[in-house]
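Working notes for the structure below.
Numbering (our numbering), first residue to last: -7 to 53.
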């Protein structure tokens, strides 16, 4: 476990009154995720583009 590269890379972080919004990229699949961190439970969901398709970075694969 130690010494290995992290599976997820944080590419954006933005604070708001109740916590933070983070955009993470899976370095294996290239899929982008929106992660909401605050005082309650953490939420994570795939990001969708304007056509409703999951956002994928080609360089993430």
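Note that CB positions come from ideal geometry on N, CA and C, so glycine has one too.
Neighbourhood of residue 35 by C-beta distance below 6 Å, restricted to the same chain and skipping five residues each side: If we look at residue 35 and ignore the five residues flanking it on each side, its Cβ neighbours are 28.
Residue 50 in three-state terms, based on DSSP: DSSP, read as helix, strand or coil, puts residue 50 in helix.
Per DSSP, cross-strand counterpart(s) of residue 5: Answer is 14, bridged to residue 5.
Exposure of residue 20, with buried meaning 16 or more beta-carbon neighbours within 10 Å: The residue is exposed, with fewer than 16 neighbouring Cβ atoms inside 10 Å.
Per DSSP, cross-strand counterpart(s) of residue 39: Listed as beta-bridge partners of residue 39 by DSSP are no residues whatsoever.
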